[in-house]
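Going by the working numbering, the first residue of the sequence shown is number 56, and it counts up by one from there. Note that beta-carbon positions come from the ideal geometry of N, C-alpha and C, so glycine has one too.
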Amino acid sequence: MEEVYREAFRIKHHGQIDVGIRALLWATVFISISPLLLQQAGIDFASHPKAFPYDKINEMTESAILDAHFYKLSGAFIHSLLECSAFIVAFFTVALSFTHFSIKRSSVTPIIGMALFMSGAMDAFHTLAADRLIDATSPNTDLIPFTWAICRAFNSAIMIAGVCIVMAHLKSIGRGTELGLVLVTSLAFGVAAWVIIHYCATEAQLPQTMFPNNTITRPWDLISLVLFLIAGFLVFPIFHKRNPSLFSASIWISVIPQVATQIHMAFGSTELFDSHFNVAHFLKIIAYLVPCTGLLLDYVRIHKHELQTRKIEEMAKIKAEILNKKLSEAHDEALIIARDAEAAKKRAEILASELEHSNQELEQFAYVASHDLKAPLRGINNLAKWLEEDLKGVLEGETKENMDLLRRRVTRLESLLDDLLAYSRVGQKKDNAMLADSEKMVNDIIYLFDDQHLDLKVRINALPTFSTQKSALELVLRNLISNAIKHHDRTEINLDISAKENGKFYRFSVKDDGPGIAIEYHERIFEMFKTLKPRDEIEGSGMGLAIIKKLIERQGGKIWVESQAGKRGTNFIFDWRAE
């Protein structure tokens with residue numbers, strides 16, 4: 056039972072329908088075991104017809120005789136009502152199954168529905184024969200129990216046969232194939248039912264099927280009991296696994312009242328219309344109702360699915376309308392953006408042209424300014440030199456120092472003009488990329504300082520060779536190495552130069568063991584004309600770091616310094632793009 060519950064509840068995406076199958080399972084179990092519990096509690100479900108008063112028949116009126124006949128046949132009437140109810144349920148089920156077939160075009164429901172209907176037809180024959188509405192040669196004492204046993208065996212066998220046929224043709228495709236299968240199967244079931252009915256109606260001597268004094272009072276009912284057990288534990292589980300649906304789950308659940316019916320008849324009923332006899336006929340109705348309920352639940356599922364589909368379609372329609380509206384608005388905005396972009400492009404082209412023109416003018420201005428300013432400076436320098444030569448031996452003390460200071464200031468101004476011109480030209484012209492051996496580049500730069508009588512120790516850590524703007528990189532390295540040497544306060548100088556790959560860049564490091572730089576100057580030293588020492592103490596324009604910072608940033612990189620006041624060592628680090 057728990058396995059049935061798990062399998063039935065395994066059907067997904069049906070919302071409350073799953074709850075319906077679970078309720079159907081537990082209701083079926085409850086109804087199937089309740090009669091037995093009530094019988095054990097002393098409740099009798101048997102029909103007790105009054106004996107016909109043959110000894111008083113001469114004294115009875117015609118109406119009294121008629122009433123006495125009805126009382127005598129009360130058990131048969133109850134039996135007929137139960138059997139008619141079973142047939143009506145079977146008929147309603149097959150009608151639902153064919154309606155279901157017209158919707159889904161699946162042969163599963165009509166074939167199983169026809170199997171149930173043929174079982175109901177056998178029950179109808181059983182009822183009509185017992186009520187003598189169909190001519191039969193055998194007495195009711197043999198006819199009713201025998202036709203019951205045959206009908207039950209037919210019911211179990213035809214249900215198994217129907218399920219097996221469905222599983223054998225479960226992959227059939229096409230309306231013609233499905234409809235043909237339904238018609239052929241229905242015809243076969245009908246022929247089988249007619250053969251059995253014809254035999255029971257025409258056979259004068261039917262086999263004995265009731266043995267009241269035995270433990271198994273109706274051994275013929277064991278046949279259908281075994282078949283229903285095989286169906287419940289083997290056939291129907293496979294069917295449900297291959298075709299998981301509410302209907303297949305209900306077919307499986309219907310085995311519970313079918314088995315209970317056969318147990319009441321095989322082990323309990325000892326005569327016609329006794330308690331177990333009536334209970335078995337009632338449970339048979341339940342067994343027919345369960346698949347019918349499964350079909351109804353499936354209809355509810357289909358209806359809910361249609362409602363959900365309709366709701367989804369309506370929502371999709373609304374969303375489509377909203378989307379179309381937004382697309383229309385977006386299209387209008389795109390047109391506006393396109394016009395703005397075109398205008399912006401034209402403005403950018405104009406600005407680029409103006410910028411190029413401005414750069415050309417700036418370069419020309421820088422050149423002219425440098426040339427025009429350097430000419431007077433050279434004149435001043437020459438005049439100072441001539442004065443020194445003419446007044447050689449006369450210039451002494453403070454006058455001689457002032458003359459030297461004058462010439463140094465002129466030299467610094469010339470250097471400043473050269474640096475200004477170099478700064479203005481950074482990024483205006485981009486050199487072609489070429490293979491640069493940065494380690495050889497550093498060695499060549501170090502070689503320039505060998506004649507300055509310095510104790511210079513340089514450690515170079517595997518510098519890379521890569522494609523880049525070689526001259527710009529050389530200018531950056533030369534400036535940083537020159538600064539490290541120029542600003543050192545000792546004759547023994549240690550430099551550590553290294554590089555490592557950092558994505559699309561190489562991260563270079565130029566580290567010395569000179570005096571540290573206070574944190575508040577870490578940004579200022581990269582500004583134009585900024586020096587950490589007075590102009591007279593060290594030669595320089597204060598433009599070197601500004602120039603290399605601009606070069607590095609034009610490459611997409613960055614430069615920063617790591618140093619602290621009061622601690623030895625300064626480390627300049629910069630990222631240089633590889634091309």
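Top-ranked residue by Cα proximity to residue i, from the options
| i | options | result |
| --- | --- | --- |
| ALA141 | PHE294, HIS295, VAL281, TYR343 | TYR343 |
| PHE302 | SER162, ASN549, LYS401 | SER162 |
| LEU490 | ALA527, PHE504, GLY245 | ALA527 |
| TRP615 | LEU606, SER157, PHE581, GLY75 | PHE581 |
| ILE602 | GLY558, GLN610, MET583 | MET583 |
| GLU304 | HIS542, THR164, LEU92, ILE158 | Rather than Glu, the amino acid found at residue 304 in this sequence is Ala. Taking only the C-alpha atoms, the option nearest ALA304 is THR164. |
| LEU277 | THR240, PHE209, LEU362 | PHE209 |
| PHE291 | GLN363, LEU242, SER211 | SER211 |
| ALA184 | ILE251, ARG160, ILE158 | ILE251 |
| GLY571 | GLY611, ASP492, ARG623 | ARG623 |
| ILE166 | HIS181, ALA145, THR182 | ALA145 |
| SER40 | HIS319, TYR354, LEU92, ILE377 | Coverage of the chain is limited to positions 56 through 634, which leaves residue 40 absent and any answer about it impossible. |
| ILE340 | ASP99, THR182, GLY175, LEU93 | GLY175 |
Sequence-distant residues of its chain with Cβ nearer than 6 angstroms to residue i (five each side left out)
| i | result |
| --- | --- |
| SER309 | ALA342, VAL345, PRO346 |
| ASP567 | ALA539, LEU550, THR625 |
| ASP197 | LEU261 |
| SER522 | ALA488, LEU490, GLU634 |
| ASP510 | THR546, GLU547 |
| GLY323 | HIS331 |
| ALA179 | PHE142 |
| SER87 | ILE311, PRO312, ALA315 |
| GLU62 | Per-residue confidence for GLU62 stands at a pLDDT of 45, beneath the threshold of 50, marking its modelled position as unreliable; no derived number is given. |
| TYR60 | Because the pLDDT of TYR60 is 44, which lies under 50, any placement of that residue in the model is unreliable, and the number read from its coordinates should be weighed accordingly. Excluding residues within five positions, the ones whose Cβ falls inside 6 angstroms are LEU80. |
| LEU182 | The question names Leu, but residue 182 in the sequence shown is Thr. SER135, GLU138, listed in sequence order. |
Buried versus exposed, by CB contacts within 10 Å (16 or more), residue i
| i | result |
| --- | --- |
| SER618 | buried |
| ARG230 | Legend: pLDDT at ARG230 = 43, less than 50; position of this residue unreliable, value from coordinates given subsequently. Classification for ARG230: exposed. |
| PRO267 | exposed |
| ASP544 | exposed |
| GLY599 | buried |
| GLU138 | buried |
| GLY349 | buried |
| CYS255 | buried |
| ILE228 | A caution first: ILE228 carries a pLDDT of 46, below 50, which makes its placement in the model unreliable, though a value can still be read off. Answer is exposed; the Cβ neighbour count stays below 16. |
| GLY569 | buried |
| ILE398 | Contrary to the premise, residue 398 reads as Ala rather than Ile in this sequence. Exposed, since its Cβ has fewer than 16 Cβ neighbours within 10 Å. |
| ALA413 | One point to set straight first is that residue 413 is Ser, not Ala, in the sequence displayed. That one is exposed. |
| PRO431 | exposed |
| MET169 | buried |
| ILE213 | buried |
| GLN415 | exposed |
| TRP81 | exposed |
| LEU518 | buried |
| VAL239 | exposed |
| MET115 | exposed |
| HIS253 | exposed |
Cross-strand partners of residue i (DSSP beta bridge)
| i | result |
| --- | --- |
| ILE628 | SER564, TRP615 |
| ASP499 | Per DSSP, none; premise fails for ASP499. |
| SER1 | There is no way to answer for residue 1, as the model of the chain reaches only from 56 to 634. |
| THR523 | MET489 |
| LEU511 | ILE548 |
Contact set for residue i: own chain, Cβ-Cβ below 7 angstroms, skip 5 residues either direction
| i | result |
| --- | --- |
| ALA101 | PHE328, ASP329, SER330, ASN333 |
| THR264 | PRO200, PHE201, ALA204, ARG273, TRP275 |
| LEU461 | ALA439 |
Closer than 9 angstroms to chain D by CB, residue i
| i | result |
| --- | --- |
| ILE213 | Among the protein chains of the structure shown there is no chain D, as only one such chain exists. |
Cβ shell of residue i (< 8 angstroms), same chain only, five flanking positions each side left out
| i | result |
| --- | --- |
| ILE133 | SER102, PHE328, ASN333 |
| LEU351 | LEU151 |
| PHE294 | VAL218, VAL221, MET222, SER303, ILE306, TRP307 |
| ILE215 | LEU282, ILE285, ALA286, VAL290 |
| THR270 | PHE322 |
| ASN457 | none |
inquiry  = Taking contact to mean 3 or more Cβ pairs, one atom from each stretch, closer than 8 angstroms, check whether the segment 146-156 and the segment 201-212 are in contact.
reply    = The segment 146-156 vs the segment 201-212: no contact.
ask   = Is the segment 281-288 touching the segment 310-317 in the sense that three or more CB pairs, one from each, lie closer than 8 angstroms?
value = In the pairwise beta carbon analysis, the segment 310-317 is classified as touching the segment 281-288: at least three pairs are separated by under 8 angstroms.
task = Answer yes if the segment 505-514 comes into contact with the segment 550-557, meaning at least three C-beta pairs across the two stretches below 8 angstroms, and no otherwise.
result = Judged by Cβ distances under 8 angstroms, the segment 550-557 makes contact with the segment 505-514, as three or more pairs qualify.
query = If you pair each beta-carbon of the segment 554-569 with each one of the segment 531-545, do three or more pairs fall below 8 angstroms?
reply = Result yes; three or more Cβ-Cβ pairs closer than 8 angstroms.
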